[in-house]
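Working notes, structure below.
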Amino acid sequence: MEIKDGLYYSEDHEWVRVEGDKAYIGLTDFAQEHLGDIVFVEAPDLDGQFEAGAVIGAIESVKAVSDMHTPVSGKVLAANEILDDSPDLLNKDPYGQHIAVLEMADRADLDKLMSSADYAAFCDKEAE
Amino acid sequence: MQLQRTPLYPMHLKYHGKLIDFGGWELPVEYESTGIITEHHHVRRQAGLFDVSHMGEVDVRGEQAEAFVQNLVVNDITSLAEGQICYSPMCYPDGGCVDDLLVYKYARDHFFIVVNAANTDKDFAWMQEQAIPGVSLQNLSSSYAELALQGPDAETVLQRLCDADLGAIRYYWFHYQVQIAGIECIVSRTGYTGEDGFELFTDPEWACSLWEAILDAGRGRVLPIGLGARDSLRFEARLPLYGHEIDRKITPLEARLDRFVKLDKPSFIGREALAGQYQSGPQRLLVEFEMVDRGIPRAHYEIQKDGQAIGWVTSGGYAPTLNKNIGLGLVGHEFAASGEQFDVIIRHKPVRAKVGESIFYKRQKNS
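Those protein sequences? They're chains G and E, same order as listed. For the record, in the first sequence the residue sitting at position 99 is 99 according to my numbering, with numbers rising by one throughout. Positions in the second sequence are counted from 1; adding 1000 to them yields my numbering.
The structure is reproduced here in structure tokens:
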């Protein structure tokens, strides 16, 4: 299982990549492995305002539907439209494909997220 | 609760199955190196091996065996030859389904019935309640392991392990005391995938040896397949699943299984109710639909027409071979015509779907 350095991680197994005041949000390798073949991504509505931890969309694998949360508060600037036709890219390249981009409302949200090292320990615990 | 394990449990560990609780059984939903979609395609294109040992088996013997089974199920089993199999729903007096099953006829005084795993105890109790003098019933579920080899390459692979001519076993027929890799099996040409293939019943003690022999003979062609793909394959081929398309509260006529309901039989359990429903026409009907707008329909989602509930999705999902999101729904009969449009409620939003015919997968038969 791959965990990338330089990203922030949530307990819901989402990653955040920060560029200026933009937060790119995606699913971790642990999450995609756990979900299995992903066949549908419901992207958040553009311009939607969300609090950290809120459900912003859904990820569907063959067997199950999972909520997609945002680890940070903010406004949705864009969704990754490639996933409309190729949701399986989340399985193949989980850190290369973001699901949404948010304009962060409060950088302090990042303090509540995990580093790659903390997230690795968190996953080990979940796998037990 | 302690999960039950099948005799093939060691194989699921060896081949890295992702084990889940499936109705009280610890079984693989998929295997780590493949996954549901890869497994699904593999069965359609080559062949896959399934552990279906959780299925129940009931032996019916005695001089009244034929009369007993004929009364028990809605299909006509008196038309079966020795060695032939039929599919049938088994109904309550009100026409609702106890289960659906396969009836294997050895002889007029000996039938072998295969039932759904989760229903085994309920079915066996129901059968015992209906028992008549001259019939003995035995629940043999723990005496058999069951393996299914499904896919276009199934016969070629299995033939390598067997001297008897498997081509002689026609669709919905079975042979018994067949030696596969030296292991005695009941071999039937049946399955739950929409592909050609076989189901093998054998002594639990030999189940792992049989599994390994088949994988070995099918190296490069046969993969172990989990329950996830078993469900996507059966669904895509529009095969009914108890608890979804049929149920205690859903009759076989509503589920469009008319061709298995022989109302010309003089009597059987549920006949009166089903004959009445047939005459008046069912108020609800199972329909095939495909999504017009983006979204995946899933079992139990509500179906609406102009904001009013008209039914629900019985099974739905992404169909890998068809590469479409499709579903089966039980709706008011007035909404069952091909071309009808309605909404599936997905996460509180209506998403448009369209009723059709022949949307589902059908194998191109070459023989």
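All C-beta atoms, glycine included, are put in the ideal place defined by N, C-alpha and C.
Spatial neighbours of E:E1272 in its own chain (CB-CB distance under 8 Å, excluding positions within 5 residues in sequence) are listed in chain order as P1093. Of all alpha-carbon atoms in E:N1325, E:V1331 and E:Y1278, the one lying nearest the alpha-carbon of E:Q1304 is that of E:V1331. E:H1042 is classed as buried because its beta carbon has at least 16 other beta carbons within 10 Å across all chains shown. Check the Cα spacing between E:E1205 and each of E:L1003, E:V1073, E:P1010 and E:Q1004: the tightest is with E:P1010.
Pairwise C-beta distances place the stretch 1068-1077 of chain E out of contact with the stretch 1165-1182 of chain E, as fewer than three of them are shorter than 8 Å. Around the beta carbon of E:G1281, fewer than 16 other beta carbons sit within 10 angstroms, so the residue counts as exposed. Under the Cβ distance rule, E:Y1087 does not count among the residues neighbouring chain G, no pair being separated by less than 7 Å.
As the crow flies, the alpha-carbon of G:A31 is around 18 Å from that of G:N80. Sequence-ordered contacts of the stretch 27-52 of chain G with chain E read G36, D37, V39, F40 and E42 [C-beta pairs closer than 8 Å]. Inter-segment contact for the stretch 116-125 of chain G and the stretch 59-75 of chain G is absent: fewer than three beta-carbon pairs are separated by less than 8 Å.
Nearest CB-CB separation between E:I1036 and chain G: below the 7 Å threshold.
The Cβ atoms of E:E1302 and E:I1345 lie closer than 7 Å to each other.
Among the CB atoms of chain G, none fall inside 7 Å of the CB of E:Y1242. Shown here for E:A1081: same chain residues with a beta carbon closer than 8 Å to its own, the five before and five after excluded, namely K1105 in chain order. Burial is judged here by how many other beta carbons sit within 10 angstroms of a residue's own beta carbon; E:S1053 has at least 16 and is buried. Selection E:D1293, E:A1353 and E:A1131 evaluated against E:F1335 yields E:A1353 as nearest (Cα-Cα). Under the Cβ distance rule, G:V62 counts among the residues neighbouring chain E, one pair being separated by less than 7 Å. The stretch 1216-1236 of chain E makes contact with the stretch 1020-1032 of chain E, as at least three CB pairs between them are under 8 Å. If you look at E:A1207, you'll find it in the alpha helix (DSSP H) that goes A1207 to A1217. Within chain G, no C-beta atom comes nearer than 8 Å to that of E:E1057; the closest sits roughly 27 Å away.
Judged by DSSP in its simplified three-state form, G:Y119 adopts helix. Within 8 Å of the CB of G:A54, no CB atom of chain E is found; the nearest one sits about 14 Å away. In this structure, DSSP gives E:L1003 a state outside helix and strand, which the three-state scheme calls coil. Contact annotation: in the stretch 1307-1328 of chain E, residues whose CB is within less than 9 Å of a CB in chain G are G1317, Y1318, P1320 and N1325. In the structure shown, E:P1224 adopts extended strand secondary structure according to DSSP, grouped into three states.
Counting other Cβ atoms within 10 Å of its Cβ, E:L1200 reaches 16 or more and is therefore classed as buried. Proximity of E:I1296 to chain G, defined by a Cβ-Cβ separation below 7 Å, is satisfied. Contact check for E:L1137 against E:Q1128 passes: the beta carbons are separated by less than 7 Å.
Closest in alpha carbon position to E:D1153, among E:Y1087, E:L1215 and E:K1265, is E:L1215. Its Cα nearest to that of E:L1210, the residue E:L1008 stands out among E:L1003, E:L1008 and E:M1001. Secondary structure note for E:F1268: it is in no beta strand (DSSP E), with a DSSP letter that is neither H nor E. For E:G1228, the nearest beta carbon of chain G is closer than 7 Å to its own beta carbon. Around the CB of E:T1078, fewer than 16 other CB atoms lie within 10 Å, so the residue is classed as exposed.
Burial is judged here by how many other beta carbons sit within 10 angstroms of a residue's own beta carbon; E:R1219 has fewer than 16 and is exposed. Between E:E1063 and the set E:A1107, E:H1012, E:C1185 and E:L1285, the nearest pair of CA atoms involves E:A1107.
In the three-state reduction of the DSSP assignment, E:T1202 falls in the strand class, which pools E and B.
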